[in-house]
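Participant: Structure provided below as C-alpha cells; questions to follow.
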Amino acid sequence: MNLFKLYNKKGEGFLDNWVEIFFLILLIIGFVISVSIGSAFFSYVVIFLFGLMAGRFLQLRKNMVPFYLVVLGLLVGYILGSRYGNWKIIIFCFLLGTAISWYAHEKEYLR
Numbered sequence: 001m002n003l004f005k006l007y008n009k010k011g012e013g014f015l016d017n018w019v020e021i022f023f024l025i026l027l028i029i030g031f032v033i034s035v036s037i038g039s040a041f042f043s044y045v046v047i048f049l050f051g052l053m054a055g056r057f058l059q060l061r062k063n064m065v066p067f068y069l070v071v072l073g074l075l076v077g078y079i080l081g082s083r084y085g086n087w088k089i090i091i092f093c094f095l096l097g098t099a100i101s102w103y104a105h106e107k108e109y110l111r
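Mapping of the sequence shown onto this note's numbering: residues 1 to 111, in sequence order.
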C-alpha cells in the first residue's frame with residue numbers, strides 16, 4: 001500500500017484505510033511518549049491530558065466508530081510503552097480525562 005497516493009490501481013488507498021493508518025500512527029506516538037516518561041506520576045498526568053484531548057475530539061465527532069478506534073490506538077500504544085505505573089490506573093486516568101472533557105464540552109462550559 002502506498003500511503004502517498006489517494007488510491008491505487010485497485011481503487012484502494014488512503015481513503016479506504018485511513019482508520020488503520022491513523023491507529024498505527026497514534027499507537028507509535030503513544031508508545032514513544034510513554035517510553036520517554038520517567039515516573040509513574042508524570043505518566044498519569046500525561047495520559048489524563050491525552051484523555052482531555054480525546055474527550056474534545058470524540059465530542060465533536062459523536063457516534064462515529066472510526067474515531068473511537070483512532071483514540072484507542074493512542075491508549076494502546078501508551079499502555080504498551082508504559083514502564084512506570086499500573087495499566088489499570090492509566091486506563092482510569094484516560095477515561096476520567098475523557099469523561100470530564102466530554103461533559104464540559106457537551107454542557108458548553110468550554111468551546
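By construction, the Cβ of each residue, glycine as well, lies at the ideal position given by its N, Cα and C atoms.
Go to Gly81, then tell me how far its alpha helix (DSSP H) extends in each direction, as first and last residue.
Facilitator: If you number the sequence shown from 1, residue 81 lands on position 81. Gly81 -> alpha helix (DSSP H) spans Val65 to Gly81.
Participant: Closer than 7 Å by C-beta to Trp102: which residues in its own chain qualify, once you throw out the five before and the five after it? Chain order, please.
Facilitator: The residue you call residue 102 lines up with position 102 of the sequence shown. Closer than 7 Å at Cβ, skipping near neighbours: Gly55, Leu58 and Gln59.
Participant: Note down the Cα distance separating Val71 from Phe22, rounded to an integer number of angstroms.
Facilitator: Here residue 71 refers to the residue found at position 71 of the sequence shown. Here residue 22 refers to the residue found at position 22 of the sequence shown. About 9 Å.
Participant: Could you have a look at Glu106 and say whether DSSP puts it in helix, strand or coil?
Facilitator: Residue mapping note: residue 106 aligns to position 106 of the sequence shown, counting from 1. Glu106: helix per DSSP, three-state reduction.
Participant: Rounded to the nearest angstrom, how far is the Cβ of Ile90 from that of Leu52, given a contact under 8 Å?
Facilitator: Counting from 1 along the sequence shown, the entry for residue 90 is found at position 90. Counting from 1 along the sequence shown, the entry for residue 52 is found at position 52. With a Cβ gap of about 14 Å, Ile90 and Leu52 do not count as contacting.
Participant: Taking only the alpha-carbon atoms, compute the straight-line gap between Asn63 and Ile28 and give it to the nearest angstrom.
Facilitator: In the sequence shown, residue 63 corresponds to position 63, counting from 1. In the sequence shown, residue 28 corresponds to position 28, counting from 1. In a straight line, the C-alpha of Asn63 is about 25 Å away from that of Ile28.
Participant: Look at the alpha carbon of Trp87 and the alpha carbon of Ile25, and state the distance between them as a whole number of angstroms.
Facilitator: Against the sequence shown, residue 87 aligns to sequence position 87. Against the sequence shown, residue 25 aligns to sequence position 25. The alpha-carbon atoms of Trp87 and Ile25 are separated by roughly 21 Å.
Participant: Cβ atoms of Ser43 and Gly85: under 8 Å apart, would you say?
Facilitator: As a working note, residue 85 is residue 85 in the sequence shown. As a working note, residue 43 is residue 43 in the sequence shown. Result yes, Cβ atoms of Gly85 and Ser43 sit closer than 8 Å.
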